[in-house]
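Under this note's numbering, the letters of the sequence shown match residues 18 to 254, in that order.
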Amino acid sequence: MPTDILILLTIVLLAASLQASTGYGFSMIGTPILMIVYPPHTAIQINIILSIVLSALMIYKIRNEVDTKLLKRLIIGSFPGIVVGIFVYLYLNIDWLKFSVGLIILLATVLIIFKVKINRSIGKDFTSGGISGALTTSIGVPGPPLLLYFSGSQMGAKTLRSTTLAYYLFIYTISLCMQVAFGGTEIAIWLDSLYALPALIVGVFVGQFLFKRMKQRLFFIITYIILIGSGLYLMLF
18 MPTDILILLT IVLLAASLQA STGYGFSMIG TPILMIVYPP HTAIQINIIL
68 SIVLSALMIY KIRNEVDTKL LKRLIIGSFP GIVVGIFVYL YLNIDWLKFS
118 VGLIILLATV LIIFKVKINR SIGKDFTSGG ISGALTTSIG VPGPPLLLYF
168 SGSQMGAKTL RSTTLAYYLF IYTISLCMQV AFGGTEIAIW LDSLYALPAL
218 IVGVFVGQFL FKRMKQRLFF IITYIILIGS GLYLMLF
């Protein structure tokens, strides 16, 4: 098996395990590490393709927990951000793109660790959707603003997980369509994504297994170390 495919499978297994056990993290783990192996645009598209599959696999069981009013606000709010994000994806210098991903991952992780408090409002719902939309079409990472906003506002874990997952399914699909339409794609991206599907599925089961047996504090500590390390690597190299 080629080394790059083996690395891809390992990354996807780790990221999917995190997503299945915590409800977030596939892109925050997958995108920065994939950028170490692949060119940024390739890494972003592989991440988005796999994220669509992962969201589709997980959403059915938790669909009844979705906050539909909040979901609609996030979707409506995302549209201006999607337009801004596609221009960033197409025209931002590659080195700056990598630096931006690293910086966002690093800042988000630090804020999550310190549990920044945010009061929810309808306007902030729309704004969070807009920022998330911009980050998705530009760098393929919609999670940081939503995670910070919802965890900071002390939203229930089940509602957070299900609503963000439903939103991801929408925003990733729209973002992939726009990237392909305006920036194109390559057959190798789709083939590598196909190769990674078994690791993705295994990762979902591993994450569910770990969720029941591993202390969440330990799991989060490991996650934070990986996120901080990935963010720093992208910013510095």
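C-beta: ideal position from N, C-alpha, C; glycine also.
Query raised in the report: Residues in its own chain within less than 7 angstroms of L65 by CB, not counting five upstream and five downstream?
Result: It should be pointed out that residue 65 corresponds to Ile in this sequence rather than to Leu. If the five residues before and after I65 are omitted, its C-beta is found closer than 7 angstroms to the C-beta atoms of G157, Y189, S192, L193, all from its own chain and listed in chain order.
Requested in this report: Starting from the C-beta of D84, find all residues in its chain whose C-beta is less than 6 angstroms away, skip the five residues before and the five after it, and write them out in chain order.
Outcome: Excluding its 5 nearest sequence neighbours in each direction, D84 has C-beta neighbours in its own chain below 6 angstroms: T176, T180, listed in chain order.
Query raised in the report: If you check the beta carbons only, do G248 and P49 fall under 8 angstroms apart?
Result: Yes.
Query - Reduced DSSP category for G201 - H, G, I as helix; E, B as strand; rest coil - result: In the three-state DSSP reduction, G201 falls in the coil class, being neither helix nor strand.
Query - Cut-off 6 angstroms between Cβ atoms - residues of its own chain near S72, not counting five sequence neighbours on either side - result: Counting only Cβ-Cβ distances below 6 angstroms, and skipping sequence neighbours, we find L182, Y185, L186.
Query raised in the report: What is the DSSP secondary structure of V83, counted as helix, strand or coil?
Result: Reduced to three states, the DSSP call for V83 is coil.
Query raised in the report: If L217 and V70 are in contact, beta carbons under 8 angstroms, what's the gap, nearest whole angstrom?
Result: That pair is a contact at about 6 angstroms.
Query - Where R178 sits in the DSSP three-state scheme - result: Under the three-state reduction of DSSP, R178 is assigned to helix.
Report task. Would you kindly work out how many angstroms separate the C-alpha atoms of L51 and T144, rounded to a whole number? Result -> Here the alpha carbon of L51 sits roughly 28 angstroms from the alpha carbon of T144.
Query raised in the report: Got a sec, what are the start and stop residues for the alpha helix (DSSP H) K115 sits in?
Result: Residues 111 to 130.
Query raised in the report: By a C-beta neighbour count over all protein chains shown, 10 Å radius and 16 as the cutoff for buried, is T20 buried or exposed?
Result: Result: exposed.
Query raised in the report: To the nearest whole angstrom, what separates the beta carbons of G146 and S44, a pair I think is in contact under 8 angstroms?
Result: Rounded, the Cβ-Cβ distance is 16 angstroms, inconsistent with contact.
Query raised in the report: Helix, strand or coil for K134 per DSSP?
Result: Looking at K134 - three-state DSSP - the assignment turns out to be coil, as it is neither helix nor strand.
Report task. Can you give me the start and stop residues for the alpha helix (DSSP H) that P49 sits inside? Result -> Boundaries of the alpha helix (DSSP H) harbouring P49: 43 to 54, taken from the DSSP string.
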